[in-house]
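S.K.: In this note's numbering, each number is its position in the sequence shown, counted from 1, plus 1126.
Glycine included, every Cβ here is placed at the ideal spot set by N, Cα and C.
Computed from a prediction, not measured in an experiment: that's the story for all the values here.
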Amino acid sequence: MARKRLVILGATGSIGASTLRVVAAHPDRFEVVGLAAGRDAEGLQALAAQFQVKHLALAAPNKCGIPSGEAALCALASLEEADLVVMAIAGMAGYAPTLAAIDAGKDVALATKEVLVMAGTEVMRRRQERGVRLLPLDSEHSALFQCLQSTASEPACVRIGHEAKAEERVAEVILTASGGPFFRRETIDWSRITVAEALNHPRWEMGPKVTIDSATMMNKGLEMIEALHLFALDPSQLRVWVHPQSIVHSFVHFKDGALLAQLAQPDMALPIQYALTWPDRAFHAPVPPMTLAQMQNLEFSEPDLERFPCLKLVFEALPMGAWTHPILTLANEVAVKAFLSERITADKIAAVIEQGLTRAETDFDAIVRYAEEDVARFERAAPGGARCCS
Ligand code: MG
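1. Does the ligand MG have a heavy atom nearer than 7 angstroms to the CB of Ser1140?
2. What do you reckon, are the CB atoms on Val1258 and Leu1132 nearer than 8 angstroms?
3. Run the CB neighbour count on Ala1278, radius 10 Å, all protein chains shown included, and call it buried at 16 or more, exposed below.
4. Quick one: residues in its chain with C-beta nearer than 7 angstroms to the C-beta of Tyr1496, no 5 flanking neighbours on either side, listed in chain order?
5. I need the DSSP call for Val1413, collapsed to helix, strand or coil.
6. How far does the beta strand (DSSP E) with Ile1398 in it extend, from its first residue to its last?
7. Let's see if you can read the secondary structure: which residues bound the beta strand (DSSP E) around Glu1157?
8. Give the DSSP bridge partners of Trp1367, in chain order.
9. Between Asp1339 and the ligand COA, is the CB less than 7 angstroms from at least one heavy atom?
10. Give the DSSP-derived three-state secondary structure of Asp1473 in the structure shown.
11. Give me the Cα-Cα distance between Gln1422 and Ala1443, rounded to the nearest whole angstrom.
12. What's the call for Met1161, buried or exposed, on a 16-neighbour Cβ count within 10 Å?
13. Confirm, please, whether the CB-CB distance from Ile1479 to Cys1436 is below 8 angstroms.
14. Quick check on the DSSP output: what are the complete beta strand (DSSP E) runs of length 3 or more inside the stretch 1421-1471, in order along the chain?
15. Is any heavy atom of the ligand MG found at a distance shorter than 7 angstroms from the C-beta of Ser1265?
16. Count the other CB atoms, across all protein chains shown, that sit within 10 Å of the CB of Met1127; report buried if there are 16 or more and exposed otherwise.
17. Please work out which residues of its chain come closer than 6 angstroms, Cβ to Cβ, to Asp1393, disregarding the five sequence neighbours upstream and downstream, and give them in chain order.
18. Would you say Glu1349 touches the ligand MG, meaning its beta carbon is less than 7 angstroms from a heavy atom?
Next up, the structure:
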C-alpha cells in the first residue's frame, strides 16, 4: 500500500504535535511531504530534519531562507505530491490556505474552526465543486462524523457528486461539552470571574482563547456552527449536553430511535488518527483503552442557558441565518482578547456579542471595528476592567 503523503500546516502547535505523533507511530502508512508554522523557524527546521521534509513555509518573514507569507502557505497547501492537507493554523489565517488546498483538489483534515464558522457556506460549496473531502479533526465533530457513517448516505463533508442536503435520517445531533471550570459553581457571577480562574480548565490543555471560550461555553456555540456546515444540518437539529468527564465526544440521535455515540479518552490524537486513516481505522490506539471504572460515572445534563449567556446568544442567533455566524465569532474574539488583557470583565463578552447581533453587520472589518468600539465603551464605563475583582 502506498503511503499517504501529508502536508501539515500549524506543525509546531499542539494539533501539529499530535499529528506528528500519529505519523511517527505509523511510518508504513504516512509520509510528511510539507510542513508549515507561524513564526517558529527553528522549531520547524527541527521537525523537517526529524521527518525528512523538503518543503517548508512560515507565516512570518525569517532569516532561515524559508518561504514566508500567505502565498507560501497557499503554495504548500496545494503541493503537487500531497494527498491530504492537515489544516491546524489558528484563526482566520487558515482560510486562504484551506481554499488553496481545496482548489488544488486536496482532501483537507480541518482543525481550524474559524474557517467554517466564518465562511462555511463558501468552503462547503467549493469542496463540493472540486470533489474534495473535508475531514473533521475537532473531537466532537469527529465523533459525529463516525456516528453519521452508519447510514447509506455519506456525511455531507465527504459526499461527492450529490447536492448537499440536510441529513434526513437525523433527529438531532448532541454536542457534548465539559462545561468548563465554572459549571459546578452554585452561582456564576461573570462580572467577578478573574482571567486566572477562567484559564484553569479541568479537562483539556488548550491555548488561552479557546480556554476562555470553553469557560463561557462559547466554544460549544462555535462548534454548533461548525457542525451545521460540515453535516448540512438545520439549527433545529442541534443540542448541547454538558458531560464533565469528556468521555462521550458527541451523540447522533437518529429518527429510527437509535442514539449513537463515540467514546474515548479525551486526547486529540485519536480524532486526528481517524481523519488520517479514514475511511479505514488503524490497528493501534494512540490513547489508553477505556476502562469499566471510567464508565461507572458518566454524567449528562442540559446546559442552563441563563448561566451561560454566550451560548444562549448562539441558540437565539442561529435560526436567524448564516449572517449571524461571523458576528458571533468576531465579536467574541475581540471581547475575549479584551478580557484576557483585563480591559473588560467577563460578563461584557456576552454584551459585546449581543450588541454586534443587533447591528446585523455583514462586513468582517466593520464587525470587528464595532466590537472594538463596544469594548472601549465598556472599558470607559468601568476603568480597570477585570483587575478590580482579582
Ligand atoms: Mg472541541
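M.R.: This is what the structure holds:
1. As a working mapping, residue 1140 is identified with position 14 in the sequence shown. No.
2. Within the sequence shown, numbered from 1, the residue matching residue 1258 stands at position 132. Within the sequence shown, numbered from 1, the residue matching residue 1132 stands at position 6. For Val1258 and Leu1132, no; Cβs fall outside 8 angstroms.
3. Here the question's residue 1278 lines up with position 152 in the sequence shown. Exposed, by the Cβ-count rule.
4. Translated into positions along the sequence shown, residue 1496 becomes position 370. Excluding sequence neighbours, Tyr1496 sits near Gly1482, Arg1485 and Glu1487.
5. Within the sequence shown, numbered from 1, the residue matching residue 1413 stands at position 287. Val1413: coil per DSSP, three-state reduction.
6. Position 272 of the sequence shown holds residue 1398. Here Ile1398 belongs to no beta strand (DSSP E); instead the alpha helix (DSSP H) covers Ala1395 to Thr1403.
7. As a position in the sequence shown, residue 1157 is number 31, starting the count at 1. Counting along the chain, the beta strand (DSSP E) containing Glu1157 begins and ends at Phe1156 to Ala1163.
8. Position 241 of the sequence shown, counted from the start, is the residue given in the question as residue 1367. Per DSSP, Thr1302.
9. This structure lacks the ligand COA; the ligands present are the ligand MG.
10. As a working mapping, residue 1473 is identified with position 347 in the sequence shown. In this structure, Asp1473 counts as helix in the three-state DSSP scheme.
11. Along the sequence shown, read from residue 1 onward, the residue named residue 1422 stands at position 296. Along the sequence shown, read from residue 1 onward, the residue named residue 1443 stands at position 317. Cα to Cα, the separation comes out at about 37 angstroms.
12. Against the sequence shown, residue 1161 aligns to sequence position 35. Sequence inspection shows Leu at residue 1161; the Met mentioned does not correspond to that position. The residue in question, Leu1161, is buried, as its Cβ has 16 or more Cβ neighbours within 10 Å.
13. As a position in the sequence shown, residue 1436 is number 310, starting the count at 1. As a position in the sequence shown, residue 1479 is number 353, starting the count at 1. Yes, the Cβ-Cβ distance between Cys1436 and Ile1479 is below 8 angstroms.
14. none
15. Along the sequence shown, one-based indexing puts residue 1265 at 139. Flag set: Cβ of Ser1265 near the ligand MG.
16. Along the sequence shown, read from residue 1 onward, the residue named residue 1127 stands at position 1. Classification of Met1127: exposed, given that the 10 Å Cβ count is below 16.
17. As a first step, residue 1393 is located in the sequence shown; it is residue number 267 there, counting from the start. Answer for Asp1393: Val1413, listed in chain order.
18. Within the sequence shown, the letter at position 223 stands for residue 1349. Under cutoff, so the answer is yes.
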